[in-house]
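Read through the structure below, which is laid out as structure tokens, and then see the notes.
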Amino acid sequence: MGKPKIKIGVKVAGGFGTVLVRANFLHCLFEYVDDAELKIFACGHISPDINLAIFNRQPSIAWYGSEREWDKLRSQKEEYALLFELDIYPKVVYVSEKIQKSVKLSALVELWEKFRNDIRNQLYFQDLRRSKPYEYSKLIIQGKTILNSADIEDVIGVGREYRMPVSIIQNEEAVLERFGLCGKKYITLQRGINPKLGTTENNKLWPLAYFNELIQKIKTEFPEYTIVQLGESAEHCVKLDDVDVNLLGCTAWDDIKILLKNAYLHIDGECGMVHLRKALHAGPSLVFFGPTPIDLFGYDGNFNLHSDACKHWCAELRDDWEYHCLLDVEKAPCMYAITPDMAMSAIKGYLASGDTSGVSEFLLVKHVNDEIAQTLGYRLDEDYVANYLNDSEIWDYEIKNVPVAALKVSVYDGKDWDWLPLAECPAYLYLSGKPGAYAHNMKLRDNLEDNKHSVERYEKLIKDIEANDFDENKLVLISSSYRVKDGQHRASIWMHKYGKDSTIPVLMIYMRE
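Here it is as structure tokens:
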């Protein structure tokens, strides 16, 4: 008898970055509720393109649509065990007896309701807009970030790193080739704000003249880097001087993902692209903080810059905070005090040699690789640990259960390696009545110098697992984008044995891919 099915609906409020943050929470929620088959119906941004960029191919999301469809979900509430709104904290809108099918989810909802009824939290649930400065302060005191603020009492374990996979549909090399960036070391920059604000300038933006001066400094000292400007359109983003590639208004969200993922560095204010690059586990960003609290919105591993020109952040303290400095001056001191020299000083060592002093995420790379080898090496393939583990930039890891059907594996076609769903790979097809597919793939792999696989070796593994079951000490190794780095044969046998709806224990590594 399978797990009970539970259908829940959620409205996710905010712009691109906020929706991305909340989508990660939903992914963690999906993984936490492992005593039921959770079906999450998400109403996200008003833009279909943004919803596609964030929710498409998410294993945690059964359906997604616009925020306009929230009323429709509420009108059909009898179909759901739970409806809730998700912003800084979750707000339960409707709950039925169906929630009792999951002990974990029902206990979690009970905790959310207890939190909501606590008199100390009444301001938030009565007036979200007015409560934000207070809630920001409280979260900072608690050591929380915007990424895990909704995880009440840290029950779900969201943490400080993104765990949700970010899908990329297009071929990365083809996109980089289209923009003239294939094989180049490049830096992306963005200086823009939410189009709904109706302006190209506001207090969150680092001064235009400073941006142009920083570009000149980089080009003078590091001419090997190509400078690429990103942005929604020229209407909402002022063109920067002397960029090598101007992509204002030239990119879809999938292009942006590929460009951010492969950039050596991204330079920006606190905005959606910084969140996206972090979710891609793509490396550091240089981020300028002014009105927005750095302790809440700053990510570990980035070059987060702010000044002491103002004694306190001012985000949300009044309705026009994004347009008008609270000191009633034209030039916001918090941003103008961050000079181009300060910015250059922060990134100079990194650009020069990959020296990431001061960048916590990258300082962890070698340490975490060694830690994995020392503490978990015996649970991985010896050849992978010896020859491949230290070639990856890994900054975090965890052992967890994931949907086996969500795994993707690399398959050689005789010329190139392609990422395919596990259910379509030759190793799984071999067990599904198509042994010829695997035999053909083995012939193609004969061209590879380091090929260690064969039909005979696979048969031996199959028979061993049939006789002795799976060795609990052995783990399939995957990245946070659900790509199998080692163990696709074991994963194929698992899916064949336990079904496509099963979950499989893995070691998930957070890495630059």
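Adding 662 to a residue's 1-based position in the sequence shown gives its number in my numbering.
We treat Cβ as the ideally placed atom computed from N, Cα and C, and that holds for glycine.
When C-alpha distances from residue 679 are compared across 718, 982, 838 and 938, the shortest belongs to 938. Residue 1148 carries a strand assignment under DSSP once its states are collapsed to helix, strand and coil. For residue 752, the uninterrupted beta strand (DSSP E) segment begins and ends at 752 to 757.
In terms of CA proximity to residue 1082, 1069 leads the group 812, 1076 and 1069. If you check the CB distance, residue 919 and residue 888 do not come in under 8 Å.
Look at the segment 942 to 1013 and you find these whole runs of alpha helix (DSSP H), each 4 residues long or longer: 956 to 959 and 995 to 998. Counted as a single uninterrupted DSSP element, the beta strand (DSSP E) harbouring residue 1083 occupies residues 1079 to 1083. Note that the segment 771 to 780 touches the segment 812 to 821; at least 3 beta-carbon pairs, one per stretch, sit closer than 8 Å. Taking 8 Å as the upper bound for CB-CB distance, residue 997 and residue 950 are in contact here, some 7 Å apart. When C-alpha distances from residue 1171 are compared across 1059, 1134 and 1109, the shortest belongs to 1059. Residues of the same chain with a CB within less than 7 Å of the CB of residue 1104, apart from the 5 flanking positions on each side, are 1115, 1116 and 1117 in chain order.
Note: residue 810 is not bridge-paired with any residue in the DSSP secondary-structure output. The beta-bridge partner set that DSSP reports for residue 852 consists of 892. Our two residues, residue 1033 and residue 1163, have alpha carbons roughly 32 Å apart in a direct line. Taking C-beta atoms under 8 Å as the contact rule, residue 931 and residue 867 qualify, at a distance of about 6 Å. By the C-beta criterion, the segment 671 to 690 is judged not to be in contact with the segment 874 to 886, since fewer than 3 inter-stretch pairs fall below 8 Å. DSSP lists 705 and 747 as the beta-bridge partner residues of residue 673.
Rounded to the nearest whole angstrom, the CA to CA distance from residue 671 to residue 957 is 31 Å. DSSP, reduced to helix, strand and coil, places residue 909 outside both helices and strands of the structure shown, so it counts as coil. A distance below 6 Å between beta-carbons, with the five flanking residues on each side excluded, links residue 727 to the following residues of its chain, in chain order: 705. When the Cα atoms are used, residue 990 and residue 896 turn out to be separated by approximately 28 Å.
Minimum Cα-Cα distance from residue 913 among the listed residues 927, 1144, 890 and 734 corresponds to 890.
Scanning 871, 765, 701 and 744 for the CA closest to the CA of residue 725 turns up 701. If you check the CB distance, residue 669 and residue 703 come in under 8 Å. Around the Cβ of residue 765, a 10 Å sphere holds fewer than 16 other Cβ atoms; the residue is exposed. If you check the CB distance, residue 1064 and residue 1157 do not come in under 8 Å. Beta-bridge partners assigned by DSSP to residue 1139: 1148 and 1169. Counting along the chain, residue 867 sits inside no alpha helix (DSSP H), nor does DSSP assign it H or E at all.
Where residue 1098 is concerned, the enclosing alpha helix (DSSP H) starts and stops at 1097 to 1107.
Beta-bridge partners assigned by DSSP to residue 722: none are found. A residue is called buried when at least 16 other Cβ atoms come within 10 angstroms of its Cβ; residue 1037 does not meet this threshold and is exposed. With fewer than 16 other Cβ atoms from the protein chains shown falling within 10 Å of its own Cβ, residue 1049 counts as exposed.
If you check the CB distance, residue 1139 and residue 1169 come in under 8 Å. Of the other Cβ atoms in all chains shown, 16 or more fall within 10 Å of the Cβ of residue 713; this residue is therefore buried. Per the C-alpha coordinates, the member of 886, 883, 927 and 934 positioned closest to residue 893 is 934. Boundaries of the beta strand (DSSP E) harbouring residue 1071: 1070 to 1074, taken from the DSSP string.
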